[in-house]
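The structure under discussion appears below in the form of structure tokens.
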Amino acid sequence: MDEPNPRIRPMTLADCDRVSEIRVRGWRHAYRGLVPQPYLDRLDVAADAGRRRERFARGDGRVVNLVAERDGRVLGWAAVGPYRDGEAYTADAELYAIYVDPAHLGRGTGRALLDAAAGRCPAGARLLLWVLKGNAPARRFYERAGFRADGAEEPFEADGVPVPEVRYVRVPAG
1 MDEPNPRIRP MTLADCDRVS EIRVRGWRHA YRGLVPQPYL DRLDVAADAG
51 RRRERFARGD GRVVNLVAER DGRVLGWAAV GPYRDGEAYT ADAELYAIYV
101 DPAHLGRGTG RALLDAAAGR CPAGARLLLW VLKGNAPARR FYERAGFRAD
151 GAEEPFEADG VPVPEVRYVR VPAG
């Protein structure tokens, strides 16, 4: 059931703790059975928040971090910027991350974040993202939003176990 549209705004340093909580809860929810459980169990909100604050503080403006909030509570986070091709950046855009508090999934928050992140991409740029191959709910979400798998795959490694990711792309209309 959709709730009233969340307010989408730029993330601030003060949001880092809540964003990390959402990210860790999101990993544990979405990747159970896809990523080794010991890896998920070791995820630490405080450590993640510390890394997030460091990255946020030294950001160079290439990455746009957005949060979705309703009634003053942050419910989701997205990060978008230039597509990374190895060590180089391309003219395309990449959705680096999008996470919604699992208690608010399926209520329009993720779609609002995705639309806002896509709106921050350069005009005419393709928007690419990587998603775990076995994450069927996320893949359906992206497909409903106009993304398609483009055939590229690469493994993400968790505790020495390769976890395959697939690349999705959305080509701008026109």
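Residue numbers (the working numbering): 1 to 174. For every residue, glycine included, the Cβ atom is placed at its ideal position computed from N, Cα and C.
Asked: Boundaries (first-last residue) of the beta strand (DSSP E) holding D92; Found: 88-100
Asked: Alpha-carbon spacing of R62 relative to R84, whole angstroms; Found: 11 Å
Asked: Endpoints, the alpha helix (DSSP H) within which D41 is located; Found: 37-42
Asked: R120 to V80 span [Cα, whole Å]; Found: 8 Å
Asked: With 16 other Cβ atoms within 10 Å as the buried cut-off, status of R52; Found: buried
Asked: Short Cβ contact (8 Å threshold) for A145 with V166; Found: no
Asked: Alpha-carbon spacing of G76 relative to V67, whole angstroms; Found: 6 Å
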